[in-house]
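S.K.:
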Amino acid sequence: MSDGEVIPVIPVPRTKKAKASVWRDIGVAETDYVLRLSTVEDTRAFIIETFGIREDSDGRGTIVLDMFYYAVQFCKEYNFNSEKTSCFLSILKQIHEMAIETPFGNIKETLEFLKDLILCHSVHRPPFSLGIFSPQEATAVSNYFIDSYFRHFKMYKYVFNPQVQLDLTINYTAFPNSSRESGKNSQSMMADAFDQDSSRTQQNEDRFTAEDDEKQLEVSDQAPALIVGDSNPDGLQFDSDTDSMSALKRLIRERLKKEMGQLQASVSAQLQRSDEEINKATIESARKQQSAAAAAKKKK
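Convert by adding 113 to the 1-based position in the sequence shown; the result is the number in the numbering used here.
1. Is DSSP giving serine 398 helix, strand or coil here?
2. Can you find the residues in the same chain that come closer than 8 Å, C-beta to C-beta, to asparagine 274, ignoring five residues on each side of it along the sequence?
3. According to DSSP, is arginine 264 helix, strand or coil?
4. Assign lysine 206 to buried or exposed, taking buried as 16 or more other Cβ atoms, counted over all protein chains shown, within 10 Å of its Cβ.
5. Per DSSP, which one or two residues make a beta bridge with serine 242?
6. If you drop the 5 nearest sequence neighbours on each side, which residues of the same chain put their C-beta closer than 7 Å to that of tryptophan 136?
7. Which residues mark the beginning and the end of the alpha helix (DSSP H) in which serine 134 is found?
8. Classify lysine 263 as buried or exposed, calling it buried when 16 or more other Cβ atoms lie within 10 Å of its own Cβ.
9. Does DSSP put serine 170 in a helix, a strand or coil?
10. With a CB to CB cut of under 6 Å and the five nearest residues on each side skipped, what residues in its chain are close to lysine 415?
11. What three-state label does DSSP hand glycine 374 in the structure shown?
12. Use the C-beta contact count for phenylalanine 201: other C-beta atoms within 10 angstroms, 16 or more gives buried, fewer gives exposed.
13. Just the Cα atoms here: how many angstroms apart are leucine 227 and histidine 237?
14. Could you check if serine 195 is buried or exposed, using at least 16 other CB atoms within 10 Å of its CB as the buried criterion?
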């Protein structure tokens, strides 16, 4: 890696503190105007201009446009006024920005942030919170997010987050040329032994008879052929480079298999936790809705 190359930093999941979001992203006049629009084309054109949505080839702009369009339709369906509509669209924008700010799984943090935002706009306790939504409206807003955005949470993560590629760096110690070195050492030791035997034979020549001298010379002539000429009498072949490469490949394969197994287990665990969080939130939302309906019936 060159000195001037910048290493990208991947943000990790984090928590956020909810704040009042009335008129945060869309003003009074703009909210009144969008609520009066009756055609799909005019509403979409207004959303593109107000939120600065750019249509690109990968379809991200179209997804964001549909997300805000159906949010406006939800506000019209529940007869939200300008204040509630502005607050609802700002909550949606903040939730979407938090969800796509990291490629890691952050559905738990995003869901907690949504709960804090709804609570912050359902209890009138200025300056910490404002009573924008009634309890019934807060339940409807919570159900909308659970049934729409969080139902497709993985899709938003996949489309808007960059793909993260895992690069493994393995440091290893090269295997020594043990076979080649051992062959050289054995050959050197055998040659030294032969030299010692030759010098010993030369010193004791006068002590042997002529017949013994001839036998000794025959042995001396045959010894170099047996010892020096054939340093590997068993016919074994050593290819230290090939052995080292095979061992290195085997080590890399085992390491990659282990890392991929751990990565798959981690991803599966995160997906399972995400599904459990969504199911839990859906059940809680349904219970709240049933409780609200039962309370409304009792009042009637």
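Don't be surprised by glycine CBs; every beta carbon is placed ideally from N, CA and C.
M.R.: Walking through what the data contain:
1. Locating residue 398 in the sequence shown gives position 285, where the first residue counts as 1. If DSSP states are grouped into helix, strand and coil, serine 398 belongs with the helices.
2. For the purposes of this step, residue 274 is taken as residue 161 along the sequence shown, with counting starting at 1. Same-chain partners within the cutoff: Ile213, Thr215 and Pro216.
3. Numbered from 1 along the sequence shown, position 151 holds the residue referred to as residue 264. Helix.
4. One-based indexing of the sequence shown puts residue 206 at position 93. Within a 10 Å sphere around the beta-carbon of lysine 206 sit 16 or more other beta-carbons, which makes this residue buried.
5. In the sequence shown, the residue the question calls residue 242 occupies position 129. According to DSSP, serine 242 bridges with Arg238.
6. Reading the sequence shown from its first residue, position 23 is the one you call residue 136. Ser199.
7. For this step, residue 134 is matched to residue 21 along the sequence shown. Boundaries cannot be given for serine 134, as no alpha helix (DSSP H) includes it and DSSP labels it neither H nor E.
8. Residue numbering aside, residue 263 sits at position 150 when the sequence shown is read from its first letter. According to the sequence provided, residue 263 is phenylalanine. The question's lysine does not apply to it. It counts as buried.
9. Here residue 170 corresponds to residue number 57 of the sequence shown, with the count starting at 1. Serine 170 falls in the coil class under three-state DSSP.
10. Any answer about residue 415 is impossible in this case: the structure gives the chain only from 114 up to 413.
11. The residue labelled residue 374 in the question sits at position 261 within the sequence shown. Helix.
12. Numbered from its first residue, the sequence shown carries residue 201 at position 88. Buried is the call here.
13. Here residue 227 refers to the residue found at position 114 when the sequence shown is read from its first residue. Here residue 237 refers to the residue found at position 124 when the sequence shown is read from its first residue. In this structure, the straight-line span from the alpha carbon of leucine 227 to that of histidine 237 is close to 17 Å.
14. For this step, residue 195 is matched to residue 82 along the sequence shown. The residue in question, serine 195, is buried, as its Cβ has 16 or more Cβ neighbours within 10 Å.
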